[in-house]
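Chains as they are written, first to last, in this note's numbering: chain A, 105 to 221; chain B, 6 to 151; chain C, 6 to 151; chain D, 169 to 415. In this text, a Cβ means the ideal position worked out from N, Cα and C, and glycines have one as well. Please read the structure below before turning to the comments.
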Amino acid sequence: MACKVEAEIKGNILLLRMEGELDHHEVESIRSELTQLMDKNEIKHLVLNLSNLEFMDSSGLGLILGRYKSIQKAGGNVVLCSASPQVKRLFEMSGMFRILMVELSEERAFSRLGAVQ
Amino acid sequence: MNNSLTCTFKSISENEALARMIAASFAAAYDPTIGELSDIKTVVSEAVTNAIIHGYSGAENHEVYMKMSMVERVLTIEVRDSGKGILEVEKAMEPLYTSRPDMERSGMGFTIMDHFMDGVEVVSEPGKGTTVTMTKQLTSVQAECH
Amino acid sequence: MNNSLTCTFKSISENEALARMIAASFAAAYDPTIGELSDIKTVVSEAVTNAIIHGYSGAENHEVYMKMSMVERVLTIEVRDSGKGILEVEKAMEPLYTSRPDMERSGMGFTIMDHFMDGVEVVSEPGKGTTVTMTKQLTSVQAECH
Amino acid sequence: MSSYPVNHETVREWIRQSQSGDESARERMVESNIRLVWSVVQRFQNRGYDQDDLFQIGAIGLLKAVDKFDLSYNVRFSTYAVPMIIGEIQRFLRDDGSVKVSRSIKELAIKVKRAKEALSSQLGRLPSVNEIAAHLDVTPDDVLLSQEASRAPSSIHETVYENEGDPITLLDQLSADNGGWFHQIAIKEALLTLEQRDRKIIFLRYYMDCTQSEVAEKLGISQVQVSRIEKRVLLSIRHWMEEAQEA
Ligand SMILES: Nc1ncnc2c1ncn2[C@@H]1O[C@H](COP(=O)(O)OP(=O)(O)OP(=O)(O)O)[C@@H](O)[C@H]1O
Ligand SMILES: Nc1ncnc2c1ncn2[C@@H]1O[C@H](COP(=O)(O)OP(=O)(O)OP(=O)(O)O)[C@@H](O)[C@H]1O
Ligand SMILES: [Mg+2]
Ligand SMILES: [Mg+2]
């Protein structure tokens, strides 16, 4: 299944809801759209809702890490609010949980970032 | 029941999903758990992606070969390319090592294969190509609910 | 996007389902209609079953070869065995002709392939094997949202 | 099932009678071709239709064939009837069949996801594909396909930037204090819990930056062994750290 990304912008926070399968093929096209979107809207923080992401491999890790780096430069944070066990395992394996904030819901992620701002 | 399947497909990124699907279909006959199936799909995705982006540097007119076999519930998956090969296999297999940080690769591919499978073997010759062979013992559904 | 895939698998009846799945996965990338996908699965099933039960008379230690390609939304499926071959192809393709009424075959396989696909070609040599090549034009995505 | 071979001339006679209004001849035609209709219907399995319903539709095709068969031609009735039966069923299926796979698969994918969750908590483990299929009353094929199919072509393509020079690892790229997979301090503590050889391997690998082969050489074991031990140790460290965190 192709990967669908739903983006929502609130102030300087970008919320991404990802759905389907995030592999190298999908990442290639999503990345450029995403960087454009982030630049254009002067995004500082990123919130990831991956609850409907059925599949991800290291290509997805690369995509998220890439965004993390630019977010970090801007002094922002990347918050993960939901992910399947398969995706969580990859995050764990690659040490992603050390750089991601984890929250239980989109709302809590927003309010936490609001506090950080 | 033992079985085997070989296939060859073009080195286009669309075929990462196709390879995953073929692997999942092959394994499905052995009634794996959804977790095992997802592991299998992940490692096939890693190996095929490597063949396409590293082995063939993204050139689409090449072929990737995949062989799967099942013997006594031990699954063996071989993914082979005739691409540029790996100079230092050891180093390539290190966690977080990538030769393509510019492509936002994270260098986790081999580490993931290693973790999700029972065994991973990489044979490569620069200029000739790379063969990754992975094995995994599937649990039997009965064995789990003792 | 054009693509092609070849695969080889053992002549065991379990692989009828595998071949169907592979064909479905290959075609699914082109977003066919449900009807088209079912047609494709059915004809692959017919051709592979023929290779196994007629070509190899049910012997399990042989190989069936399948090739799929997609060019401009024209799907070509080739199924090949190196089995006993067909003496009279014309006759074999007639509706209701079967050489195995004892197996309760109904002699409908080729007729179904003919109806579900745009073209079916059978090349066979007794003692050498049989190749069935089928083509089908998939509806274009636009055609349905008029 | 009453189906029996009927000779060619008898069939033609029945058709003649049937076409001139003899209902019982028409019925006999249907009866003697039940097998034929079924063998067509079989080919439409797995399309989500009741076989009996499809049989009824197929029988309509058969009757049309009886009514329309031209006795002046010298073809066998079955040769004429089979396409009519197939055609009738295909016509019946066409409306539904023209739905794009992507749409129906999406719907099934949602069901599969729910079933996965429900069965996981019910069984206390991840369900198998067959268990999900049985739960949803669909084929295992469909479960698989719903997990991964219909990959729409991607729209935007990006430019790949080529970077000359040494490859940089992620570790270099992530600034701050990130020194590997572990917190430096926590790992030191965890290391104390290890056997001597295991500790040495981890030390060489993650503090001295040795490759697996280098470690193997130093310890006089094979690289594969190093890899195995390392995997096991990392796992135990992770467990240790998780416990430490919970405590
Ligand atoms: N088939 C191959 N052909 C040539 N080189 C390869 C091949 N597979 C892997 N490599 C080399 O090994 C390195 C490590 O591979 P690995 O899959 O672990 O990480 P990656 O592909 O760089 O990043 P990631 O998989 O996390 O996206 C690659 O960067 C590449 O240099
Ligand atoms: N691959 C093959 N090798 C050898 N003979 C074949 C092969 N495929 C078909 N045939 C011959 O052609 C005949 C007709 O094939 P067809 O698929 O139409 O009917 P069937 O297989 O006999 O019955 P059904 O497909 O309805 O179960 C077969 O009975 C067999 O004699
Ligand atoms: Mg990789
Ligand atoms: Mg047949």
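For residue i versus residue j, is the C-beta spacing smaller than 7 Å?
i	j	result
glycine 90 (chain B)	serine 129 (chain B)	yes
glycine 114 (chain C)	asparagine 55 (chain C)	yes
valine 196 (chain D)	tryptophan 182 (chain D)	First, the amino acid is wrong: residue 196 (chain D) is arginine here, not valine. Yes, the pair counts as a contact, with Cβ atoms nearer than the cut-off.
isoleucine 273 (chain D)	glutamate 256 (chain D)	no
glutamate 125 (chain A)	cysteine 107 (chain A)	yes
leucine 118 (chain A)	leucine 157 (chain A)	no
phenylalanine 237 (chain D)	tyrosine 248 (chain D)	yes
methionine 139 (chain C)	isoleucine 82 (chain C)	yes
glycine 226 (chain D)	valine 205 (chain D)	yes
arginine 1 (chain B)	tyrosine 61 (chain B)	For chain B, the structure presents residues 6 to 151; residue 1 (chain B) sits outside this window and is missing.
aspartate 366 (chain D)	valine 401 (chain D)	yes
glutamine 391 (chain D)	serine 381 (chain D)	yes
serine 9 (chain B)	lysine 15 (chain C)	yes
leucine 154 (chain A)	valine 109 (chain A)	no
valine 234 (chain D)	serine 186 (chain D)	yes
Regarding residue i and ligand 3, is the C-beta to nearest heavy atom distance less than 6 Å?
i	result
asparagine 55 (chain B)	yes
glycine 63 (chain B)	no
Say the cut is 6 Å; is the CB of residue i nearer than that to a heavy atom of ligand 2?
i	result
methionine 139 (chain C)	no
phenylalanine 5 (chain C)	No information on residue 5 (chain C) is available, as it lies outside the stretch 6 to 151 that chain C covers here.
aspartate 119 (chain C)	no
alanine 249 (chain D)	no
alanine 24 (chain C)	no
isoleucine 91 (chain C)	yes
serine 18 (chain C)	no
threonine 144 (chain C)	no
glycine 4 (chain C)	Residue 4 (chain C) is absent from the structure shown; chain C starts at 6 and stops at 151.
threonine 139 (chain A)	no
Name the two residues that bound the continuous beta strand (DSSP E) containing residue i.
i	result
methionine 122 (chain A)	117-126
serine 240 (chain D)	Per DSSP, serine 240 (chain D) belongs to no beta strand (DSSP E) and is neither H nor E.
serine 186 (chain A)	182-187
For residue i, I'd like the list of residues in its chain whose CB is within less than 8 Å of its CB, leaving aside the five on either flank, ordered along the chain.
i	result
arginine 216 (chain A)	Val183, Met205 and Glu207
glycine 179 (chain A)	Lys148
asparagine 298 (chain D)	Pro308
arginine 135 (chain A)	Leu167 and Gly170
valine 179 (chain D)	Met197, Ser200 and Phe245
glutamine 144 (chain D)	Here chain D covers residues 169 to 415 and nothing more, so residue 144 (chain D) does not appear.
asparagine 66 (chain C)	Lys15 and Ser16
Less than 7 Å between CB atoms is the rule here; does residue i satisfy it with respect to chain E?
i	result
aspartate 127 (chain A)	The structure shown contains no chain E; the protein chains it does contain are A, B, C and D.
What is the residue span of the alpha helix (DSSP H) that residue i lies within?
i	result
glutamate 177 (chain D)	176-187
glutamate 421 (chain D)	The structure shown does not extend to residue 421 (chain D), since chain D is modelled only from 169 to 415, so the question has no answer here.
asparagine 20 (chain B)	19-33
lysine 153 (chain B)	Here chain B has residues from 6 to 151 only, and residue 153 (chain B) is not among them.
asparagine 298 (chain D)	297-304
serine 289 (chain D)	269-291
lysine 173 (chain A)	162-177
glutamate 63 (chain A)	The structure shown does not extend to residue 63 (chain A), since chain A is modelled only from 105 through 221, so no value can be given for it.
leucine 312 (chain D)	308-315
Please return the same chain residues whose Cβ sits closer than 6 Å to the Cβ of residue i, not counting the five positions on each side in sequence.
i	result
lysine 141 (chain B)	Leu80, Met122 and Asp123
glutamate 51 (chain B)	Gly114, Ile117 and Met118
lysine 268 (chain D)	none
methionine 98 (chain B)	Phe115
proline 37 (chain C)	Leu143
serine 163 (chain A)	Asp127, His128 and Val131
glutamate 68 (chain B)	Thr13
Can you give me the Cβ contacts of residue i inside the same chain, cut-off strictly under 7 Å, excluding the 5 residues immediately before and after it?
i	result
arginine 25 (chain B)	Lys46, Val49 and Ser50
alanine 32 (chain C)	Leu42, Ile45 and Leu80
aspartate 305 (chain D)	none
leucine 372 (chain D)	Cys378, Val383 and Lys386
valine 174 (chain D)	Ser200
lysine 284 (chain D)	Pro295 and Ile300
Shorter than 6 Å, the distance from the beta carbon of residue i to the closest heavy atom of ligand 1, or not?
i	result
glycine 112 (chain B)	yes
isoleucine 134 (chain A)	no
histidine 67 (chain B)	no
histidine 129 (chain A)	no
arginine 105 (chain B)	yes
glycine 60 (chain B)	yes
threonine 11 (chain C)	no
serine 215 (chain A)	no
For the region 41-123 of chain C, which segments carrying the beta strand (DSSP E) assignment without a break, of at least 3 residues, lie completely within its bounds, in sequence order? 68-76 and 79-86
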